[in-house]
Structures are given as structure tokens and as C-alpha cells.
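Residue numbers (our numbering), protein chains in the order written: chain A, 1 to 180; chain B, 1001 to 1317. Beta carbons are placed, not taken as given, at the ideal position from N, Cα and C, and that holds for glycine. All values reported here derive from a predicted model rather than from experimental measurement. Structure, as C-alpha cells:
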Ligand SMILES: Nc1ncnc2c1ncn2[C@@H]1O[C@H](COP(=O)(O)OP(=O)(O)OP(=O)(O)O)[C@@H](O)[C@H]1O
Ligand SMILES: [Mg+2]
């Protein structure tokens, strides 16, 4: 979560409530339990690590004062490195999703490029799993495992196709707005 | 017969009257043809485009594609419904004519051939496999396989011999006399593949060959394709099934009639060991889709993430 929070701060400094709102929008029902307190715990850790600084306090018309956090140079470097790093073949959907959202929100990476790169990686993994599966008896234990791996990679690839459609509709290149 | 076939595909080297079967009765298509020495791809598309309708309803099903399929390669074509996969395959196999561009098969330009010549060439040089099998209902499995051989001029005994060998090869020797209605979907597709091979085509073109099959039958078909590839057969597979595409040497994804991605998979996992994900390296030659990024030098690898089976087997760390 630290990396995602950092990514949300790339474009402009922000406070915990706003970060929570943006994360909740990206996570839908999965973000239901996310509260501002958790975000502030993460922000405090990031501050200790020198990746963000507390910039100022904002006093809204109503409600408590809010601490506004900004990214440091080190924080920015870490987001860029994280975005450049592959999430690995077994990464969960949520982790990949958040990375794509973070790429778009930060403007530091093109979500479509990440989708395409991941698609190639998974296709290569699937090629290996599938070739191994063809070489094994379907009734063997190894064959059974390979079947599961291949099915899971296939599901991930299908979801990436949906990602490609959605993100290409949202990037400036795509026609048709995605801000429904 | 065989000489005629050679001529029909622009080659002069003769083989035995019925062609020499490869190991296990498979024709040594690719191997023999590679040895025959015409360099260059078996199949080539240059600026290939096909439109349907006009004015308001004009659709470019294939929007101007360059594509080379070298001998012995298995190429998978994927992409969303309506992106032009079937249209491309029909153009490559001479079942349809391009609006623009060229199709070359075995070193010969085919898109301008007269209908008769094209039909003859198709019969001898192209093997088609369709999603819904396209078998003749009233003919037995063996007769279905024999038919294109007879049409191409093989003698009845020779056609019977070839059909028997191929049915044996696809594991259906015992079903040779069955009608298609007496066979399962997977078995029908294996008959259709045997039929596609009977004239030792330069290339087999398959449109969603596993589209109507369950996973076990798909597995059988993929094993069969794998054996064909090992025997050197050039193969173009249209599929929306990622698992089928992943068995190819190369996967081209279409979007709106144009290639949107081109991933090389040859060299993946061939050593049987984990982490053997090195790409094909330089010397494979420029058979990529024009204008596509060099995938193998790009983000697809070298990120240190270990995309071999090793990495997959440690998912739950
Ligand atoms: N004979 C035809 N007349 C008019 N339009 C056609 C014809 N054949 C194809 N098209 C159009 O060309 C485009 C590509 O069709 P094609 O059948 O090649 O797609 P596909 O990728 O094979 O799709 P699917 O995965 O659904 O089989 C579509 O928009 C389709 O409507
Ligand atoms: Mg189709």
C-alpha cells in the first residue's frame, strides 16, 4: 500500500482523507474497510522513511484540520522504481490493478504499456506451463498442477484484455471518454 | 501428381510419387520444403487489406498488414471478436481476395490467380481446419480424409493408404468407417486435421480449431499440433483461447484489423528447465510484423522477475 500512496502524491500534495477517497474509488467494495486512520499510519511511516514530508495543515470550513503530505525526491524515485518493476507472474489481481491505477494517477508510467508488458510476460509463462502440460499426463499430479497454473494464467490474461480496453478508453490516445 | 503439386506451388524438386511420410506417418512437410531450398517465408502478406461494404457501412476487416510466416513456424493470431482474424486467414489461404496488397504462398503470388488455378493451389498447398469441422456428413472418416487427395489426383489406393496412415496418426484408426455423426467433437476435429494434411500442404490454416471442444479434447488437438510442428509443418492458428495461442512460436494480436502486439514464444521452456525464457536472439531474422516494437528486447523480459515455472511454483511465498 505504501507504494500506491506514494504514487497518489506524485501530481500534487494531498491529505489522508483525499488519499482515502481516491483509493476507495479504485477499490470499490474491497476498499470498504479502508479508513483515514490507516492512511495516516502509512503516511507517518513514509514520513519516517524520508519518502514524504508534512507540508502544511489545511483548515477546512468544517471538520478537523488536515495534514497535507508531499513527496520527497527519494519518494518520487521509489514510486518510479516500483512502477518499473514487474509485479511477478503470480501477483494478485488487486495488486496489479492498484499498480495500473497508480501509474495513471502519477503519470509516471503508461498503464497501457504496463498492461502490454504484463500480457507478454504472462503469455510467456503460459507458454511454458502449457508446453509442460502437454508433455505430462493429464492424470498425473504434475499434470494437474500445470492445469491449474495454466487456467490461472489464462484468467489473468483475459482480465488484462479488459484492462487494455478500459485504460485505452481513458488515455488521451483513445477516443471516447472513460469518465462516465 | 507429386510433380504437379510441386509445380503448382512453384517448386521444381520432385519427391516420391506419394511423398515420403515422416516419422509416425506424418508428412515431413516443413523439413522437406526447407531442404527444397527456396529461402523466404512459406506465407507472406504485403500491405494486405480487405474491406467490406461501402460509404457509411465501409469496414476495413484487415487494415493493411505485413506478415511473414517462415517454414516450420506455428503462428497464432488472436484478438477480440470482429478484429479480422477469420478474414485474414481466408485471405492467406486464398478463400477470399484482398482489396489491397499481396499474398505469397511458397514463393508465389496467389491473390491475382484465376479462380481455377487458385482452387487447385488451395487444394494442394493449403490445409484448412475450421471450428465446426466441415466434414461431409454422408462420408466415413476415412472417405472424408481421402476426398481431397482424390480431388488432387491421387489414385484411389494411394488416397486410401494416406488416409489410413493419417487416421492412425491422429489416433482414430479404429474409427475409420464411422460417420461424423458417430464421432465426438474432438474426434471429428482430428479427422478434419487428418484431412487437412492429406495433400501435404505447405501450410495448415486453422480457424478456432478448438472452439467447440472441451479441455480434454483441446489437449488432444494441441498435442497433435505440437507433433505437426515437430515434423516441420507450418501452421497458422486463429484462436481466442490464450492456452492454444501459448503453444505457438509466435502470437500476433489483432485489433481493428491491424496487429497490436507481436510476441515471440519460441525458445520458451524448450530446455525443460525453469527460467529458460531467453528469446530467439538475433539470427532468427526479420519476420516480425512491420512497425511493431522489438518485443524480445523490450519489457517482455530482462526484468529479473523470473517468469519461468519456478516463479509460478512459488506463488504462495
Ligand atoms: N462477408 C462479410 N461482409 C461484410 N462484413 C464482413 C464480412 N466478413 C467479415 N466482415 C466484417 O469484418 C470484420 C472482421 O470480421 P472477422 O470475421 O474477420 O472477425 P474475427 O476476428 O474472425 O471475429 P470472431 O472472433 O468473432 O470470429 C467484422 O467487422 C465483420 O463484421
Ligand atoms: Mg472468426
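- According to the DSSP assignment, residue 111 (chain A) belongs to no beta strand (DSSP E) but to the alpha helix (DSSP H) extending over 111-135.
- The criterion of a C-beta distance shorter than 8 Å is not satisfied by residue 108 (chain A) and residue 163 (chain A).
- In the structure shown, residue 91 (chain A) falls within a coil segment according to DSSP collapsed to helix, strand and coil.
- Counting the other Cβ atoms within 10 Å of the Cβ of residue 1090 (chain B) gives 16 or more, which makes it buried.
- For residue 1081 (chain B), there is no enclosing beta strand (DSSP E), since its DSSP letter is neither H nor E.
- Using a cutoff of 7 Å, the CB of residue 1087 (chain B) counts as near ligand 1, since one of the ligand's heavy atoms is closer than that.
- At a cut-off of 7 Å, the beta-carbon of residue 1052 (chain B) counts as near ligand 1: some heavy atom of the ligand is closer than that.
- Closest option to residue 153 (chain A), judged by alpha-carbon separation, among B:1260, B:1264, B:1245: B:1245.
- Bridge partners of residue 1040 (chain B) according to DSSP: none are assigned.
- At least one heavy atom of ligand 1 is found less than 7 Å from the C-beta of residue 1059 (chain B).
- Using a Cβ-Cβ cut-off of 7 Å, residue 1243 (chain B) is close to 126, 130, 150, 154 of chain A, given in chain order.
- Beta-bridge pairing by DSSP links residue 1202 (chain B) to no other residue.
- The beta carbon of residue 1261 (chain B) sits closer than 6 Å to those of 1253, all from its chain and outside the five residues before and after it, given in chain order.
- Cβ contact annotation for residue 57 (chain A) (same chain, cutoff 8 Å, sequence separation greater than five): 65, 66, 67, 68, in chain order.
- The beta-carbon of residue 138 (chain A) is placed less than 8 Å from the nearest beta-carbon of chain B.
- Looking at the DSSP output, residue 15 (chain A) shares a beta bridge with A:68.
- If you check the C-beta of residue 1132 (chain B) against ligand 2, you find no heavy atom less than 7 Å away.
- Check the Cα spacing between residue 63 (chain A) and each of A:97, A:46, A:85, A:17: the tightest is with A:17.
- For residue 137 (chain A), the closest C-alpha among the options B:1068, B:1223, B:1249, B:1043 is that of B:1223.
- With a threshold of 8 Å between beta carbons, residue 112 (chain A) makes no contact with chain B.
- Here the distance from the Cβ of residue 1207 (chain B) to the nearest heavy atom of ligand 2 is below 7 Å.
- Relative to ligand 1, the beta carbon of residue 1093 (chain B) is positioned no closer than 7 Å to any heavy atom.
- Interface annotation for the stretch 1187-1213 of chain B against chain A: empty, criterion Cβ-Cβ distance under 7 Å.
- A check of alpha carbon separations from residue 1248 (chain B) across B:1199, B:1265, B:1206, B:1118 identifies B:1265 as the nearest.
- Less than 8 Å divides the Cβ of residue 1106 (chain B) from the Cβ of residue 1125 (chain B).
- Chain-order list of chain A residues neighbouring residue 1256 (chain B): empty, with the shortest C-beta distance near 11 Å, by a criterion of under 9 Å.
- In the three-state reduction of the DSSP assignment, residue 1253 (chain B) falls in the strand class, which pools E and B.
- Not one heavy atom of ligand 1 sits closer than 7 Å to the Cβ of residue 163 (chain A).
- Using a C-beta cut-off of 8 Å, the stretch 1067-1079 of chain B makes contact with the stretch 1224-1234 of chain B, since at least three inter-stretch Cβ pairs fall below that distance.
- In terms of Cβ geometry, residue 1149 (chain B) and residue 1183 (chain B) do not form a close pair [threshold 8 Å].
- Counted as a single uninterrupted DSSP element, the beta strand (DSSP E) harbouring residue 1264 (chain B) occupies residues 1258-1264.
- Listed by position along chain A, the residues whose Cβ is nearer than 8 Å to that of residue 1247 (chain B) are 127, 130, 131, 134.
- Of A:5, A:160, A:41, A:33, the smallest CA-CA separation from residue 115 (chain A) is found for A:160.
- Beta bridge pairing from DSSP links residue 1049 (chain B) with B:1063, B:1100.
- With fewer than three CB-CB distances shorter than 8 Å, the stretch 86-93 of chain A does not count as touching the stretch 35-43 of chain A.
- Taking 8 Å as the threshold, the shortest C-beta distance from residue 1096 (chain B) to chain A does not fall below it.
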